[in-house]
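Residue numbers (numbering that gives the first Met the number 0): 0 to 108. Notes follow once the structure below has been shown.
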Amino acid sequence: MFEELNNQSIANGKILGGKTGYTDEAGLCLASLAQVGKQEYILISAGAKGDHHSEQYNITDALALYNSIGKNDYNVNLAKEPVDVLRQQDKRRLNNSPLIPPLKRPQSP
């Protein structure tokens, strides 16, 4: 990830580390860690367009998201479409849904 970045700085913080990946099935992927203010954030993304020879949208998406957190601006323009991060979380909370849905275990025969 750091090979793709000239500067690890983001609004009110910095990228601490990350690992990129690519498969035909998952597209461009990224697991990253950043510190924004006094809080650390982990971001895992998959499905970005392109491959390891194209523009790294997985990284530009992560930078956009981390910068939006640092600026307290939660309207994030990602490579695919704009996302309002807080509204997505609020909708789940209002419906008493977990932010990360639980895994469905297979039923035994």
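Ideal placement from N, C-alpha and C gives every residue a C-beta, glycine not left out.
Practice task
Just the C-alpha distance for Asn66 and Ile9, rounded to the nearest angstrom, thanks.
Solution key: Near 5 Å, if we compare the C-alpha coordinates of Ile9 and Asn66.
Practice task
Tell me where the beta strand (DSSP E) around Ser44 begins and ends.
Solution key: Start and end: Gln38 to Ala47.
Practice task
Please name the residue in Glu54, Ala63, Gly36 and Ile68 whose C-alpha comes closest to that of Gly26.
Solution key: If we check each option's Cα against that of Gly26, Glu54 comes out closest.
Problem - Per-residue burial, Gly16 [other beta carbons within 10 Å of its own, 16 or more giving buried] - result: For Gly16, the number of other beta carbons within 10 angstroms of its own is below 16, and it is reported as exposed.
Practice task
Classify Asn71 as buried or exposed, calling it buried when 16 or more other Cβ atoms lie within 10 Å of its own Cβ.
Solution key: Asn71 counts as exposed, since fewer than 16 other beta carbons sit within 10 angstroms of its beta carbon.
Practice task
Following the continuous alpha helix (DSSP H) through Ser67, name the residue where it begins and the one where it ends.
Solution key: Judged by DSSP secondary structure, Ser67 falls within the alpha helix (DSSP H) whose first and last residues are Tyr56 to Gly69.
Problem - Outcome for Asp23 when other beta-carbon atoms lying within 10 angstroms are tallied against a minimum of 16 - result: That one is exposed.
Practice task
Can you tell me the Cβ-Cβ gap for Ala30 and Ile43, rounded? I've got them flagged as a contact below 8 Å.
Solution key: Distance from Ala30 to Ile43 at the Cβ level is roughly 5 Å; contact confirmed, criterion being Cβ atoms closer than 8 Å.
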